[in-house]
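Undergrad: To start, I am sharing the structure in question, which I have written as structure tokens.
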Amino acid sequence: MLLPGVAFFIVFKYVPMWGVLISFQNYQPFLGFGGSDWVGLKHFDRFFSEPAFWTLFRNTFLLAVYNLIFFFPLPIVLALMLNEIRLQAYKRVIQTIIYIPHFVSWVVVVGIAYLFFTTEGGLVNEWLASVGLEKISFLLSADWFRTFITGQVIWKDTGWGTIIFLAALAGVDPQLYEAAKMDGANRLRQLWHITLPAVRSTIVILLILRLGHFLDTGFEQIFLNMNAMNREVAEVFDTYVYSVGIQSGQFSYSTAVGLFKSVVGLVLVVAANRLAKRFGEEGVY
Amino acid sequence: MRTSISGRVFDLFIVAFSGLFGLICFVPFLYVVAASFTAPEELLRKGFVLFPHSFSLDGYRYIFSTPTITRSLVVTIALAAIGTLINLLFTVLMAYPLARSDLFGRRPLMLMIVFTLIFSGGMIPNYLVVKSLHLLDSYWSLVLPGLINAFNLIVLKNFFQQLPDGLEESARIDGCTDFGVLFRIVLPLSGSALATFGLFYAVGHWNTFFNAILYLNDADKWPIQVWLRQIIILSQAGIGDASSFDDSFVVPPPAIIKMAVIVISTVPILLIYPFLQKHFAKGVLLGSVKG
Numbered sequence: 001m002l003l004p005g006v007a008f009f010i011v012f013k014y015v016p017m018w019g020v021l022i023s024f025q026n027y028q029p030f031l032g033f034g035g036s037d038w039v040g041l042k043h044f045d046r047f048f049s050e051p052a053f054w055t056l057f058r059n060t061f062l063l064a065v066y067n068l069i070f071f072f073p074l075p076i077v078l079a080l081m082l083n084e085i086r087l088q089a090y091k092r093v094i095q096t097i098i099y100i101p102h103f104v105s106w107v108v109v110v111g112i113a114y115l116f117f118t119t120e121g122g123l124v125n126e127w128l129a130s131v132g133l134e135k136i137s138f139l140l141s142a143d144w145f146r147t148f149i150t151g152q153v154i155w156k157d158t159g160w161g162t163i164i165f166l167a168a169l170a171g172v173d174p175q176l177y178e179a180a181k182m183d184g185a186n187r188l189r190q191l192w193h194i195t196l197p198a199v200r201s202t203i204v205i206l207l208i209l210r211l212g213h214f215l216d217t218g219f220e221q222i223f224l225n226m227n228a229m230n231r232e233v234a235e236v237f238d239t240y241v242y243s244v245g246i247q248s249g250q251f252s253y254s255t256a257v258g259l260f261k262s263v264v265g266l267v268l269v270v271a272a273n274r275l276a277k278r279f280g281e282e283g284v285y
Numbered sequence: 001m002r003t004s005i006s007g008r009v010f011d012l013f014i015v016a017f018s019g020l021f022g023l024i025c026f027v028p029f030l031y032v033v034a035a036s037f038t039a040p041e042e043l044l045r046k047g048f049v050l051f052p053h054s055f056s057l058d059g060y061r062y063i064f065s066t067p068t069i070t071r072s073l074v075v076t077i078a079l080a081a082i083g084t085l086i087n088l089l090f091t092v093l094m095a096y097p098l099a100r101s102d103l104f105g106r107r108p109l110m111l112m113i114v115f116t117l118i119f120s121g122g123m124i125p126n127y128l129v130v131k132s133l134h135l136l137d138s139y140w141s142l143v144l145p146g147l148i149n150a151f152n153l154i155v156l157k158n159f160f161q162q163l164p165d166g167l168e169e170s171a172r173i174d175g176c177t178d179f180g181v182l183f184r185i186v187l188p189l190s191g192s193a194l195a196t197f198g199l200f201y202a203v204g205h206w207n208t209f210f211n212a213i214l215y216l217n218d219a220d221k222w223p224i225q226v227w228l229r230q231i232i233i234l235s236q237a238g239i240g241d242a243s244s245f246d247d248s249f250v251v252p253p254p255a256i257i258k259m260a261v262i263v264i265s266t267v268p269i270l271l272i273y274p275f276l277q278k279h280f281a282k283g284v285l286l287g288s289v290k291g
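Chains as they are written, first to last, in our numbering: chain A, 1 to 285; chain B, 1 to 291.
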């Protein structure tokens, strides 16, 4: 029964891991993996000495930080709020609605954002014009890019992110609240002493997982939002790998870039997990 | 519970805030759907329409006149249906043995799976594997590389583990084989888990975009999301063939066409979601409990 699954993991997960070795080669498609020359760290040297490296690093890092600061806490806050709503029917309706954006593709999200924010008849700009303000070229502007990206992430996944916290909150023993009330705790105190500790380990685990994917800025989203006018701030490691690897066929060099990213991710997960354990949490593994 | 003034303000605030967030999530969809059914003149005059006065199906008539969109819609529906069944079958076949404590080599196997969650070869080695298997420009390139989602697999394994052991034992005493136990005892009890992961896989296939760009050069095979990008973001005009209509038909303005394409590429997947919603809260809950 296991065989097909194991075969899948070997062929599509572990063979590519072995395939990263081409970043130490001058891989030629017609010579193949066995026939290409080994060149040591040449591609890594090239990558780290290129000015593009710092641009990519800054763009990726800033988007990740924006994401961590502005997006990460929102599902927690929203879940805590939903948890406090007593009117169950209202809560259910809100929940159903806020999950929806998670199910549409990035193409649709970016498409809808385009329809709303374009300078040619987009609703937001039409409104700006109607109140006498100047139109803003959101889509083609480097200044707005990071705000725009983070906004889309918030819109798409905040609601979905509440699920896991709501699940953790549903497991809280109601007697704890009763006891706290008897002791005279008001609702803010209950929130602080009962509700937040209940979701703490979930927050830590999600934070670790997020750190592990710190440099994954959401390839599709960036790719779809990128254009000639904002490329300078939009290009991240993933889009760079795509354009030098797939589009210009520099397989070895782009694999080196991808490997750099994967290794940084791995180091971050291990470090974050250690840190979590030191603070007395369970960690992911 | 008796509520103080501050408690009421608190309640009012959370109700208002969550309501506002709900509106922000919902209104864009409502607008796109409403606008796609609005007559072009009304949309131009008002700009923002949530409840159109004058209906028009011109956007849809135009889109379905094009063989391109119709074909890609068929491709996407078939991919979501067949792909999801294949995903579920292979995920179940691997999750069930892993859930059994008598499996030889269970720990190393689990470690091997978990490791793929935190490290991967990356885009180019994946591409080269797909290429060397001669899967480029084949629909299999959209199914095989994502055959089993490691996260779904682990959650499903945990789900199987918490089913009572006695059921399996009694089935085995009655002469059931391993496959018999899985298909006749375990799976019928796993409705909500299967519905949850089925939905996740189906959404993944329906929304597939990047793999299609990466692996399919042949535009005739593109799924709907790739065409959506061409039409909305790259503003590629001229997908349609207005000559097949009678003379009175005027090609609708691009905005209407874009709205209509968004609707047909979104609505089918959103229609199955409400039926499965009650299951996936449970499914995700399983994932949050470590096992």
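Heads up, the beta-carbon is just placed ideally off N, CA and C, and yes, glycines get one too.
With C-beta atoms as the reference, is residue 124 of chain A less than 7 angstroms away from residue 116 of chain A?
TA: Counted from its first residue, the first sequence places residue 124 of chain A at position 124. Counted from its first residue, the first sequence places residue 116 of chain A at position 116. Yes, Cβ-Cβ distance for residue 124 of chain A and residue 116 of chain A is below 7 angstroms.
Undergrad: Return the first residue and the last residue of the alpha helix (DSSP H) that residue 97 of chain B is part of.
TA: By 1-based counting over the second sequence, the position of residue 97 of chain B is 97. Taken as a continuous stretch (DSSP letters only), the alpha helix (DSSP H) holding residue 97 of chain B covers 67-99.
Undergrad: Got a sec: is the Cβ-Cβ distance from residue 108 of chain B to anything in chain A below 7 angstroms?
TA: Here the question's residue 108 of chain B lines up with position 108 in the second sequence. Not one chain A Cβ lies under 7 angstroms of residue 108 of chain B.
Undergrad: Taking the continuous alpha helix (DSSP H) assigned at residue 228 of chain A, which residues delimit it?
TA: Taking the first residue of the first sequence as 1, we reach residue 228 of chain A at position 228. Segment: none, residue 228 of chain A is in no alpha helix (DSSP H) and carries neither H nor E.
Undergrad: Using the beta-carbon of each residue, which ones in chain B are nearer than 9 angstroms to residue 255 of chain A?
TA: Within the first sequence, residue 255 of chain A is the residue found at index 255, counting from 1. Per Cβ cutoff of 9 angstroms: 121, 122, 123, 124, 125 and 128.
Undergrad: With 9 angstroms as the limit, tell me which residues of the region 252-272 of chain B have their beta carbon closer than that to any beta carbon of chain A; keep them in chain order.
TA: So the close ones are 255, 258, 259, 261, 262, 265, 266, 269 and 270.
Undergrad: Counting only beta-carbon separations shorter than 7 angstroms, does residue 81 of chain A have a partner in chain B?
TA: Along the first sequence, read from residue 1 onward, the residue named residue 81 of chain A stands at position 81. Interface residue, yes.
Undergrad: Give me the DSSP bridge partner(s) of residue 292 of chain B.
TA: Absent from the model: residue 292 of chain B. The displayed extent of chain B is 1 to 291, so no value can be given.
Undergrad: When you compare only the Cα positions, how much space is there between residue 92 of chain A and residue 85 of chain A?
TA: The residue labelled residue 92 of chain A in the question sits at position 92 within the first sequence. The residue labelled residue 85 of chain A in the question sits at position 85 within the first sequence. For residue 92 of chain A and residue 85 of chain A, the distance between alpha carbons rounds to 10 angstroms.
Undergrad: My assumption, with CB atoms under 8 angstroms, is that residue 28 of chain B sits in contact with residue 112 of chain A. Please give the rounded CB distance.
TA: One-based indexing of the second sequence puts residue 28 of chain B at position 28. One-based indexing of the first sequence puts residue 112 of chain A at position 112. The Cβ separation is near 5 angstroms, so the contact holds.
Undergrad: Just checking: is the beta-carbon of residue 12 of chain A within a distance shorter than 7 angstroms of some beta-carbon in chain B?
TA: The residue you call residue 12 of chain A lines up with position 12 of the first sequence. Output row for residue 12 of chain A: interface = yes.
Undergrad: For residue 43 of chain B, count neighbouring C-beta atoms within 10 Å of its own C-beta (all shown protein chains included) and say buried if the count is 16 or more, exposed if not.
TA: Stepping through the second sequence from its first residue, residue 43 of chain B is reached at position 43. Buried.
Undergrad: Buried or exposed: residue 74 of chain B, going by 16 or more other Cβ atoms within 10 Å of its Cβ?
TA: Indexing the second sequence from 1 puts residue 74 of chain B at position 74. Under this definition residue 74 of chain B is an exposed residue.
Undergrad: Where do the N-terminal and C-terminal ends of the alpha helix (DSSP H) with residue 169 of chain B fall, by residue?
TA: To locate residue 169 of chain B, count along the second sequence from 1; it is residue 169. Per DSSP, residue 169 of chain B belongs to the alpha helix (DSSP H) from 165-173.
Undergrad: Given a threshold of 16 other Cβ atoms within 10 Å of its Cβ, counted over all protein chains shown, does residue 82 of chain B qualify as buried or as exposed?
TA: In the second sequence, residue 82 of chain B corresponds to position 82, counting from 1. Exposed, since its Cβ has fewer than 16 Cβ neighbours within 10 Å.
Undergrad: Where does the unbroken alpha helix (DSSP H) through residue 158 of chain A begin, and where does it stop?
TA: Residue 158 of chain A sits at position 158 when you count from the first residue of the first sequence. From DSSP, the alpha helix (DSSP H) with residue 158 of chain A extends over 145-170.
Undergrad: Give the straight-line distance between the Cα atoms of residue 19 of chain B and residue 64 of chain B, rounded to the nearest whole angstrom.
TA: Along the second sequence, read from residue 1 onward, the residue named residue 19 of chain B stands at position 19. Along the second sequence, read from residue 1 onward, the residue named residue 64 of chain B stands at position 64. About 37 angstroms.
Undergrad: Would a check of beta-carbon distances place residue 1 of chain A closer than 7 angstroms to chain B?
TA: Your numbering for residue 1 of chain A matches position 1 in the first sequence. So yes, residue 1 of chain A belongs to the interface.
Undergrad: Whose C-beta lies closer than 6 angstroms to the C-beta of residue 202 of chain B among residues of the same chain, with five residues either side of it excluded?
TA: Position 202 of the second sequence, counting from 1, holds the residue named residue 202 of chain B. Excluding sequence neighbours, residue 202 of chain B sits near 80 and 84.
Undergrad: Compute the distance between the beta-carbons of residue 32 of chain B and residue 262 of chain B, then report whether it is under 7 angstroms.
TA: On the second sequence, position 32 is the one that residue 32 of chain B refers to. On the second sequence, position 262 is the one that residue 262 of chain B refers to. Yes, they are a contact pair.
Undergrad: Starting from the Cα of residue 218 of chain B, find the closest Cα among B/138, B/165 and B/275 and give me that residue.
TA: Taking the first residue of the second sequence as 1, we reach residue 218 of chain B at position 218. Comparing Cα positions, the closest option is B/138.
Undergrad: For residue 4 of chain B, count neighbouring C-beta atoms within 10 Å of its own C-beta (all shown protein chains included) and say buried if the count is 16 or more, exposed if not.
TA: Walking along the second sequence from the start, residue 4 of chain B turns up at place 4. It is exposed - the Cβ of residue 4 of chain B has fewer than 16 other Cβ atoms within 10 Å.
Undergrad: Could you tell me whether the Cβ atoms of residue 144 of chain A and residue 101 of chain A are closer together than 7 angstroms?
TA: Taking the first sequence and counting its residues from 1, the one referred to as residue 144 of chain A is at position 144. Taking the first sequence and counting its residues from 1, the one referred to as residue 101 of chain A is at position 101. Taking 7 angstroms as the Cβ cut-off, residue 144 of chain A and residue 101 of chain A do not qualify as a contacting pair.
Undergrad: For residue 26 of chain A versus residue 6 of chain A, is the C-beta spacing smaller than 7 angstroms?
TA: Position 26 of the first sequence, counted from the first residue, corresponds to residue 26 of chain A. Position 6 of the first sequence, counted from the first residue, corresponds to residue 6 of chain A. It is not a contact, given that the beta carbons lie outside the stated cut-off.
Undergrad: What does residue 229 of chain B reach in chain A if we use C-beta pairs closer than 9 angstroms?
TA: Working through the second sequence from its first residue, we reach residue 229 of chain B at position 229. The answer, in chain order, is 107, 110, 111 and 224.
Undergrad: Using C-beta distances below 7 angstroms, list every residue in its chain close to residue 60 of chain A, excluding the 5 sequence neighbours before and after it, in chain order.
TA: Walking along the first sequence from the start, residue 60 of chain A turns up at place 60. Cβ neighbours of residue 60 of chain A beyond the five flanking positions: 215, 217, 236 and 237.
Undergrad: Over the uninterrupted alpha helix (DSSP H) stretch that includes residue 221 of chain B, give me the two end residues.
TA: As a first step, residue 221 of chain B must be located in the second sequence, where it is residue number 221. Here residue 221 of chain B belongs to no alpha helix (DSSP H), and DSSP marks it neither H nor E.
Undergrad: Does any CB atom of chain B fall closer than 7 angstroms to the CB of residue 16 of chain A?
TA: Start at 1 with the first residue of the first sequence, and residue 16 of chain A comes out as number 16. Output row for residue 16 of chain A: interface = yes.
Undergrad: Let me see if you follow: with CB-CB separation under 7 angstroms, is residue 291 of chain B close to chain A or not?
TA: To locate residue 291 of chain B, count along the second sequence from 1; it is residue 291. A caution first: residue 291 of chain B carries a pLDDT of 34, below 50, which makes its placement in the model unreliable, though a value can still be read off. It does not: the Cβ of residue 291 of chain B has no partner Cβ on chain A nearer than 7 angstroms.
Undergrad: Give a yes or no on whether the C-beta atoms belonging to residue 72 of chain B and residue 227 of chain B are separated by under 7 angstroms.
TA: Working through the second sequence from its first residue, we reach residue 72 of chain B at position 72. Working through the second sequence from its first residue, we reach residue 227 of chain B at position 227. Result yes, Cβ atoms of residue 72 of chain B and residue 227 of chain B sit closer than 7 angstroms.
Undergrad: Note down, in chain order, each residue of its chain lying with its Cβ closer than 8 angstroms to the Cβ of residue 224 of chain A, except the 5 sequence neighbours on either side.
TA: Reading the first sequence from its first residue, position 224 is the one you call residue 224 of chain A. Once the five neighbours on either side are set aside, the close Cβ partners of residue 224 of chain A are 106, 107 and 110.
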